[in-house]
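Peer 1:
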Amino acid sequence: MRVLPFGDAALLAEFSTLDDVMAHYRALSASLPPGVTELVPAARTILVTFAAPASRAVVRQWLEDTAPHDAEAGTAEDLGDIVTLEVDYSGQDLPEVARLLGVSEADVVRQHQHCEWTAAFTGFAPGFAYLVTPENPLQVPRLAEPRTRVPAGSVGLAGEFSGVYPSESPGGWQLIGRTDVRLWDATREQPALITPGTRVRFRAV
Amino acid sequence: MMTVVKTGPELLVQDLGRPGHASVGVSPSGALDTRALRAANRLVGNPESAAGLELLLGGAVLQFDDAVVALTGAVGELAVAGRRKERYRPFRVEAGQRLEIGVATSGLRYYLAVAGGIMAEPLMGSAATDVLSGMGPARLQDGDVLRVGPSVPASEAPWVPVPHPPAGTVAVRLQPGPRLDWFAADTRQRLALGDWSVSADSNRVGLRLLGRPLQRVVERELPSEGMVTGAVQVPPSGLPTVFLADHPVTGGYPVPAVVTPADLPLLAQARPGQRIRFHWAG
């Protein structure tokens, strides 16, 4: 881990892999010192913002002293909540995804349900979580031409990630299905159903 | 009640925003010149965090049902029923009277507080309009009617400092960002000595700067990383954008420097074409 400066009120911890980010995020989010206002995980970094009584020196020390918490090492309670999403696997890119992976459509659907996904970080739109799974068997490229309109609830694949569109938006992920579950509801106290660290399982309906 | 007779170029409901939700993809949003909104609220006896209006440039007309209001931020002519009013002084607008806010002669954003605050549906604890994500109330339109909360009878108006947004060069302090070493060795000097000016493409998401492009030496792609308000992000053009309150929570361009938070209100008031001078703090 490297700790980089980010102005007066933030530091950026940089890691060599996404697994490291997730292991450190798990440990850091369980041990927030007073004054740390936010942790923002991303693909290779965790941004830490702080205010008094925290200081740059205190936050840096905490980042350096906090041992990462690997998913395999923890007990079930240490890991994030589990959200199960029911999916209608009739996405328009399912045939193309199966072709790209050299398997049947049924195999894609089976593997997507079989994997245990974890939200690594969010981005792109409020409530959009990038889901990862160990040794992801479903890695496909993004669409060459993004769609101008992807409906809310669409379940997609792109690169090492799976994800669910929380609201209608443009998008370039390969769509394999759709869920009716509302991933984002700004009127809820916690609008996002999936936050970094949440474990996600998909079930065909 | 308060009626928007004429909005001007952009009239938004703003409060102190909804910080602390970047990990679910939500920008902080809120007034760009927080000092001015806080002052306006204090002047009319509101909590500093009450919702008010942020008006870009001026040219708005508002009608009230007997209210006490205060305007802060930009400098321009204010009049109620044709009578001149002063900025940073609370005044009464009687039922049916119109408040006219002239085009700013210096500064860029006015803040209006009304005693009792503007009542708008809060999302994640804030009524702020986020122009990037669309969260919060829609941009106000001519004819919109806003609800005003009950006000506490005002005691004497408190004293608040009356800042004058600079008409000339705006001086702003910088601190190192995480990716300063992705840029040429003279980037610290280039930022500080550069002749930067505000681009007309600037908005609540970011203040875009024109000047001599910065030179990147690390060319590999940056995986998106968390951003803060004030981050100076440098896209491939080499021309920096300073992220303001509605910035995306993550970004994929390197950040060599960050504007000191206390100086962000100055950038909120910087007009297109105005010069910006950076100084490295500390």
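Respectively, the protein sequence lines represent chains Z and B.
Number 78 in this note's numbering belongs to position 78 of the first sequence; there are no gaps in the numbering.
Number 325 in this note's numbering belongs to position 120 of the second sequence; there are no gaps in the numbering.
The beta carbon of each residue, even a glycine, is placed where N, CA and C say it ideally should be.
When you compare the CB positions of S234 (chain B) and R247 (chain B), do they come within less than 8 angstroms of one another, or not?
Peer 2: For the purposes of this step, residue 234 (chain B) is taken as the residue at position 29 of the second sequence. For the purposes of this step, residue 247 (chain B) is taken as the residue at position 42 of the second sequence. Taking 8 angstroms as the Cβ cut-off, S234 (chain B) and R247 (chain B) do not qualify as a contacting pair.
Peer 1: Is the beta carbon of P41 (chain Z) less than 8 angstroms from the beta carbon of F121 (chain Z)?
Peer 2: The residue labelled residue 41 (chain Z) in the question sits at position 41 within the first sequence. The residue labelled residue 121 (chain Z) in the question sits at position 121 within the first sequence. Cβ atoms of P41 (chain Z) and F121 (chain Z): closer than 8 angstroms.
Peer 1: Take A272 (chain B) as the anchor and find which of B:Q302, B:Y315, B:L260 and B:G411 has the nearest alpha-carbon.
Peer 2: Residue mapping note: residue 272 (chain B) aligns to position 67 of the second sequence, counting from 1. The option with the nearest alpha carbon to A272 (chain B) is B:Q302.
Peer 1: Against chain B, with Cβ distances strictly below 8 angstroms, would P170 (chain Z) count as a contact?
Peer 2: As a position in the first sequence, residue 170 (chain Z) is number 170, starting the count at 1. Closer than 8 angstroms: no.
Peer 1: Hey, quick one: how far does the alpha helix (DSSP H) through L471 (chain B) stretch, first residue to last?
Peer 2: Counted from its first residue, the second sequence places residue 471 (chain B) at position 266. Segment L469 to A473, the alpha helix (DSSP H) holding L471 (chain B).
Peer 1: What does A129 (chain Z) pair with, by DSSP beta-bridge criteria?
Peer 2: Translated into the one-based positions of the first sequence, residue 129 (chain Z) becomes position 129. For A129 (chain Z), which the question treats as bridged, DSSP gives the partners Z:T122.
Peer 1: Of all the CB atoms in chain B, is at least one closer than 8 angstroms to the CB of V36 (chain Z)?
Peer 2: Locating residue 36 (chain Z) in the first sequence gives position 36, counting from the first residue. It does not: the Cβ of V36 (chain Z) has no partner Cβ on chain B nearer than 8 angstroms.
Peer 1: Can you find a CB in chain B that lies within less than 8 angstroms of the CB of G206 (chain Z)?
Peer 2: The displayed coordinates of chain Z run from 1 to 205. Any statement about residue 206 (chain Z) would go beyond what the structure contains.
Peer 1: Ends of the alpha helix (DSSP H) at A380 (chain B)?
Peer 2: As a working mapping, residue 380 (chain B) is identified with position 175 in the second sequence. Just to set this straight, residue 380 (chain B) is Gln in the shown sequence, not Ala. Element bounds for Q380 (chain B): not the alpha helix (DSSP H) but the beta strand (DSSP E), V375 to P381.
Peer 1: On the three-state DSSP scale, how would you describe E259 (chain B)?
Peer 2: Locating residue 259 (chain B) in the second sequence gives position 54, counting from the first residue. The answer is strand: DSSP assigns E259 (chain B) an E or B state.
Peer 1: Whose C-beta lies closer than 8 angstroms to the C-beta of P191 (chain Z) among residues of the same chain, with five residues either side of it excluded?
Peer 2: Start at 1 with the first residue of the first sequence, and residue 191 (chain Z) comes out as number 191. Around P191 (chain Z): P126, G127, W184 and D185.
Peer 1: Using a cut-off of 9 angstroms between C-beta atoms, extract the partners of G123 (chain Z) located in chain B.
Peer 2: As a working mapping, residue 123 (chain Z) is identified with position 123 in the first sequence. Those are G230, S429, P453, V454 and T455, listed as they occur along chain B.
Peer 1: Determine the extent of the alpha helix (DSSP H) in which P95 (chain Z) is found, giving its start and end residues.
Peer 2: To locate residue 95 (chain Z), count along the first sequence from 1; it is residue 95. Element bounds for P95 (chain Z): L94 to L101.
Peer 1: Quick check: V132 (chain Z) and L18 (chain Z), are their CB atoms within less than 8 angstroms of each other?
Peer 2: Translated into the one-based positions of the first sequence, residue 132 (chain Z) becomes position 132. Translated into the one-based positions of the first sequence, residue 18 (chain Z) becomes position 18. Yes, they are a contact pair.
Peer 1: Have a look at B:R482, B:S429, B:V454 and B:V403 and flag the residue whose alpha-carbon is nearest the alpha-carbon of T446 (chain B).
Peer 2: Position 241 of the second sequence, counting from 1, holds the residue named residue 446 (chain B). Checking every option, the nearest Cα to that of T446 (chain B) belongs to B:V403.
Peer 1: Answer with yes or no whether the minimum CB distance from P466 (chain B) to chain Z is below 8 angstroms.
Peer 2: In the second sequence, the residue the question calls residue 466 (chain B) occupies position 261. Closer than 8 angstroms to some Cβ of chain Z, the Cβ of P466 (chain B) qualifies, so yes.
Peer 1: Based on DSSP bridge pairs, tell me the residues matched to G339 (chain B).
Peer 2: Here the question's residue 339 (chain B) lines up with position 134 in the second sequence. DSSP output for G339 (chain B) lists no bridge partner at all.
Peer 1: Establish whether the CB of F161 (chain Z) and some CB of chain B are separated by less than 8 angstroms.
Peer 2: Locating residue 161 (chain Z) in the first sequence gives position 161, counting from the first residue. Chain B, which has no Cβ nearer than 8 angstroms to the Cβ of F161 (chain Z), makes this no.
Peer 1: Does D8 (chain Z) come within less than 8 angstroms of chain B when only Cβ atoms are used?
Peer 2: As a position in the first sequence, residue 8 (chain Z) is number 8, starting the count at 1. Output row for D8 (chain Z): interface = yes.
Peer 1: Does chain B have any CB closer than 8 angstroms to the CB of T49 (chain Z)?
Peer 2: Along the first sequence, read from residue 1 onward, the residue named residue 49 (chain Z) stands at position 49. So yes, T49 (chain Z) belongs to the interface.
Peer 1: If I follow the unbroken beta strand (DSSP E) through Q219 (chain B), where does it start and stop?
Peer 2: Counting from one through the second sequence, the residue named residue 219 (chain B) turns up at place 14. That run of the beta strand (DSSP E) goes E215 to Q219.
Peer 1: Please classify T84 (chain Z): is it buried, with 16 or more other beta-carbons within 10 angstroms of its beta-carbon, or exposed?
Peer 2: One-based indexing of the first sequence puts residue 84 (chain Z) at position 84. Result: exposed.
Peer 1: Beta-carbon of P5 (chain Z) versus every beta-carbon of chain B: anything under 8 angstroms?
Peer 2: In the first sequence, counting from the first residue as 1, residue 5 (chain Z) sits at position 5. Closer than 8 angstroms to some Cβ of chain B, the Cβ of P5 (chain Z) qualifies, so yes.
Peer 1: Got a sec? Which residues, its chain only, sit under 6 angstroms from Q420 (chain B) by beta carbon, not counting five neighbours each side?
Peer 2: Taking the first residue of the second sequence as position 1, residue 420 (chain B) is located at position 215. Taking Q420 (chain B) as the centre and dropping the five residues before and after it, the same chain places the C-beta of A389 closer than 6 angstroms to its C-beta, in chain order.
Peer 1: From N251 (chain B) to L217 (chain B), what distance separates their C-alpha atoms?
Peer 2: Working through the second sequence from its first residue, we reach residue 251 (chain B) at position 46. Working through the second sequence from its first residue, we reach residue 217 (chain B) at position 12. Cα to Cα, the separation comes out at about 18 angstroms.
Peer 1: May I ask which residues mark the beginning and end of the beta strand (DSSP E) holding Y89 (chain Z)?
Peer 2: If you number the first sequence from 1, residue 89 (chain Z) lands on position 89. Secondary structure note for Y89 (chain Z): it is in no beta strand (DSSP E), with a DSSP letter that is neither H nor E.
Peer 1: Starting from W401 (chain B), trace the beta strand (DSSP E) in both directions and tell me its first and last residue.
Peer 2: What you label residue 401 (chain B) is simply residue 196 of the second sequence in a count that begins at 1. Looking at the DSSP string, the run of the beta strand (DSSP E) that includes W401 (chain B) is W401 to V403.
Peer 1: With T455 (chain B) and M432 (chain B) assumed to form a contact (beta carbons below 8 angstroms), what rounded beta-carbon distance in angstroms separates them?
Peer 2: Within the second sequence, numbered from 1, the residue matching residue 455 (chain B) stands at position 250. Within the second sequence, numbered from 1, the residue matching residue 432 (chain B) stands at position 227. At roughly 6 angstroms, the Cβ-Cβ gap stays under 8 angstroms, so T455 (chain B) and M432 (chain B) are in contact.
Peer 1: Just to confirm the assignment: which complete beta strand (DSSP E) runs, minimum length 3, are found wholly within the stretch 297–336 of chain B?
Peer 2: Taking only runs of at least 3 residues, the beta strand (DSSP E) segments lying wholly in the stretch 297–336 of chain B are 303–306 and 311–319.
Peer 1: Hey, does V433 (chain B) have any beta-carbon neighbour from chain Z nearer than 8 angstroms?
Peer 2: Counting from 1 along the second sequence, the entry for residue 433 (chain B) is found at position 228. Interface residue, yes.
Peer 1: Can you list, in chain order, the residues of its chain whose CB lies under 7 angstroms from that of A27 (chain Z), leaving out five sequence neighbours each side?
Peer 2: Within the first sequence, the letter at position 27 stands for residue 27 (chain Z). Within the same chain, A27 (chain Z) has close Cβ partners T66, A67, P68 and H69.
Peer 1: For H484 (chain B), which beta-bridge partners are listed by DSSP?
Peer 2: Working through the second sequence from its first residue, we reach residue 484 (chain B) at position 279. DSSP lists B:R378 as partners of H484 (chain B).
Peer 1: What is the rounded straight-line gap between the Cα of W485 (chain B) and the Cα of S169 (chain Z)?
Peer 2: As a working mapping, residue 485 (chain B) is identified with position 280 in the second sequence. As a working mapping, residue 169 (chain Z) is identified with position 169 in the first sequence. Looking at the two C-alpha atoms, the distance is approximately 40 angstroms.
Peer 1: Helix, strand or coil for E64 (chain Z)? Go by DSSP, reduced to three states.
Peer 2: Sequence index remark: in the first sequence, residue 64 (chain Z) carries index 64 (1-based). Three-state DSSP puts E64 (chain Z) in a helix.
Peer 1: Is there a Cβ from chain D that is less than 8 angstroms from the Cβ of A43 (chain Z)?
Peer 2: Among the chains of the structure shown, chain D does not appear; the protein chains present are Z and B.
Peer 1: Buried or exposed: which applies to M340 (chain B), given that a residue is buried once 16 or more other Cβ atoms fall within 10 Å of its Cβ?
Peer 2: Indexing the second sequence from 1 puts residue 340 (chain B) at position 135. Counting C-beta atoms within 10 angstroms of its own C-beta, M340 (chain B) has 16 or more neighbours from the protein chains shown and is therefore classed as buried.
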